[in-house]
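The sequence shown begins at 2 in my numbering and counts up by one. These notes are about the structure you will find just below.
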Amino acid sequence: MKNVRKKAEAAVANAPPKPIEFPKRPPNAFLLFKSINKYKFKESDEPTNNINTFITKLWKSTPEEEKDIYREDAKRLMREFIEKNPTLYEEMCASIKAKGRSTRRSKLQKTTTQSGE
């Protein structure tokens, strides 16, 4: 019994550190729309990729006024996420910039400076 306990303690001591678990980003407007509408097709025998294709077409044909409701919800969720995780959000933006991609904020700044010239 003591050998088993020693082996278990040694395994725990030598185990690699657990990766840091970051909170998930909130869904965008389309993902909110998809999560609500996928339950309409839950009991159908259609393959998932067909359902996803149909929901994408449904999103594209949805009026802008209805899409704005989902967009506002997505913005609200993102604001709540940023309020709860301000440093994490800055790290995410820095990571995106380090990969050579631009964030929405930097794209917006580029367009406003170009139009102001």
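Backbone N, C-alpha and C fix where the C-beta goes; we use that ideal spot for every residue, glycine too. All of these numbers come straight from a predicted model, not from anything done at the bench.
Give the straight-line distance between the Cα atoms of residue i and residue j, rounded to the nearest whole angstrom.
i: residue 118; j: residue 32; result: In this prediction, residue 118 scores a pLDDT of 47, lower than 50, which makes its location untrustworthy; the coordinate-derived value is nonetheless stated afterwards. C-alpha separation (whole angstroms): 37 Å.
i: residue 52; j: residue 40; result: 10 Å
i: residue 73; j: residue 30; result: 8 Å
i: residue 62; j: residue 56; result: 10 Å
i: residue 28; j: residue 68; result: 14 Å
i: residue 92; j: residue 46; result: 42 Å
i: residue 59; j: residue 34; result: 10 Å
i: residue 85; j: residue 98; result: 22 Å
i: residue 65; j: residue 71; result: 10 Å
i: residue 43; j: residue 96; result: 37 Å
i: residue 38; j: residue 83; result: 27 Å
Under three-state DSSP, which class holds residue i?
i: residue 72; result: helix
i: residue 38; result: helix
i: residue 98; result: helix
i: residue 92; result: helix
i: residue 53; result: helix
i: residue 47; result: coil
Should residue i go down as buried or exposed, given a rule of 16 or more other Cβ atoms within 10 Å for buried?
i: residue 23; result: exposed
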